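Those sequence lines, one after another, are chains V and X. In this text, residue positions in the first sequence follow our numbering: the first is 12, and each later residue adds one. In this text, residue positions in the second sequence follow our numbering: the first is 49, and each later residue adds one. Cβ coordinates follow ideal geometry from the N, Cα and C atoms, glycine included. The structure displayed is predicted, hence computed values, not measured ones. Written out below as structure tokens is the structure these notes cover.
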Amino acid sequence: MPRRGTQPVNADAIDALLPQTQCTRCGYSGCRPYAEAIAAGEAAINQCPPGGAATIEALARLTGLPALPLNPTNGVEQARKVAFILEEHCIGCTKCLPACPVDAIIGASKRMHTVIVAECTGCELCIAPCPVDCIVLVADSAADGAPRGPIEASEAAHFRQRHAAHITRAERRRADQVAKIETRREALRQQSGADTLAEVIARARARRASGNPL
Amino acid sequence: MAERIVVEVSYALPQRQWLVRVELAAGSTAEQAWQASGLAEHAPDPPDLGIHGLACTAGTPLREGDRVEAYRPLVFDPKESRRRRAVKRI
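As structure tokens, this is what we get:
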């Protein structure tokens with residue numbers, strides 16, 4: 012476990028230094044799991060490409076570990092980018108919507124999809140699911156056209172909160188789906204007296220085995 | 049005091065996007081959130097509304113934390129663009 016002096020460093024303090032892009036390039040499913048892995052001594056502090064050298068230095072100061080250069084297997088440090096949808100190609104398939112860890116894409120089935128630039132972390136996770144390759148990364152520039160600087164702590168805090176909301180809602184949606192299927196199954200059960208196809212088959216088999224095919 | 053809910057309302061153009069927070073009475077509808085958001089002036093009327101990526105009707109009641117979204121139509125017919133891509137690939 013990384014220690015500062017004799018104190019173990021907790022995952023909250025580590026997570027507070029990560030950029031919260033939720034890009035998974037560190038090899039973990041998000042910034043928080045990476046922070047926990049560092050706290051547990053399982054991950055190195057040089058696996059965050061969007062954070063780059065600045066994040067590695069901050070993590071080194073916090074943990075007392077040496078500030079190694081960014082591990083190239085995790086990626087390279089780049090200027091900030093955001094996703095942009097090429098409208099002439101978007102088919103409204105919705106595949107990018109759940110892929111976005113911060114719900115920065117507005118769209119629905121057979122409707123145009125649009126990236127809310129201010130909410131986009133530039134994680135690139137929407138690019139692979141798009142079947143028509145209509146999502147590209149563009150330079151992230153402020154209103155005056157100047158490139159935006161590194162992700163500040165306040166922005167990271169916002170991303171963190173949006174990601175938490177995304178996870179909560181995805182779980183709720185899954186639970187709703189399960190409940191819906193259960194309700195439908197129950198209705199069918201009431202209607203037909205049969206529970207499942209498996210039970211219908213089992214009854215038919217039993218009938219046949221008893222020597223009475225009808 | 050009647051219960052209140054907070055929802056977000058969003059509308060997006062390629063170069064400009066809006067995401068606003070509105071507070072409404074519990075049981076308010078998607079249409080009411082849309083009107084309260086003040087985004088109606090930017091989008092065609094009536095808006096094509098949805099909640100978190102699923103199209104809904106104007107009268108759909110909202111839950112705390114919902115995001116009401118107004119959508120734009122696709123630019124090209126997906127079948128047509130598929131044909132166009134197929135031709136290019138040959």
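- Contact residues of the segment 101-122 of chain X toward chain V are G101, L102, A103, G113, R115, E117, Y119, R120, P121, L122 (C-beta to C-beta distance below 8 Å).
- When beta bridges are read from the DSSP output, P158/V appears opposite S152/V.
- Distance from H100/X to Y59/X at the Cβ level is roughly 14 Å; contact not present, criterion being Cβ atoms closer than 8 Å.
- Here K191/V carries a helix assignment [DSSP, helix/strand/coil].
- Under DSSP, V113/V takes part in no beta bridge, so it has no partner.
- The beta-carbon separation of V57/X and A81/X, rounded to 5 Å, stays under the 8 Å limit for a contact.
- For V147/V, the CB contacts under 6 Å within the same chain, skipping 5 residues up- and downstream, are F95 in chain order.
- Taken through DSSP and simplified to helix, strand or coil, V54/X comes out as strand.
- Secondary structure at Y39/V: coil, using DSSP grouped into helix, strand and coil.
- R115/X carries a strand assignment under DSSP once its states are collapsed to helix, strand and coil.
- Per the C-alpha coordinates, the member of R137/X, G75/X, G98/X positioned closest to Y119/X is G98/X.
- According to the DSSP secondary-structure assignment, Y59/X is paired through a beta bridge with W66/X, A118/X.
- 8 Å or more divides the Cβ of A167/V from the Cβ of L136/V.
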